[in-house]
Amino acid sequence: MTNTDRELGEISAKLDGLKEQVSKGFEGIEKKLDDHESRIRSVEVKATRNGLVAGGIISVGIAFLRHKLGW
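The sequence shown maps to residues 26 to 96 in this note's numbering.
The following block contains the structure:
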């Protein structure tokens, strides 16, 4: 084995190590994104429910007023 072969083997090993670190970093980023998406989705669901309830209350109130005023 020549000196060049040994050095190429060391470089290859270092590149493999870097590849593993990058893969682990991406996995962490994907997990964080999934967590953020879950939180955002729950906020969107709550906002939709609140909008539906508020719209229903306003609709009933307007219908009641129209009935009382005879419109």
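Ideal placement from N, C-alpha and C gives every residue a C-beta, glycine not left out. Bear in mind the structure is a predicted one, so any value in this text is a computation, not a measurement.
Residues in its own chain within less than 6 angstroms of residue i by CB, not counting five upstream and five downstream?
{"i": "Lys44", "result": "none"}
Could you please give the first and the last residue of the uninterrupted alpha helix (DSSP H) stretch that includes residue i?
{"i": "Gly76", "result": "28 to 94"}
Got a sec? Which residues, its chain only, sit under 7 angstroms from residue i by beta carbon, not counting five neighbours each side?
{"i": "Arg66", "result": "none"}
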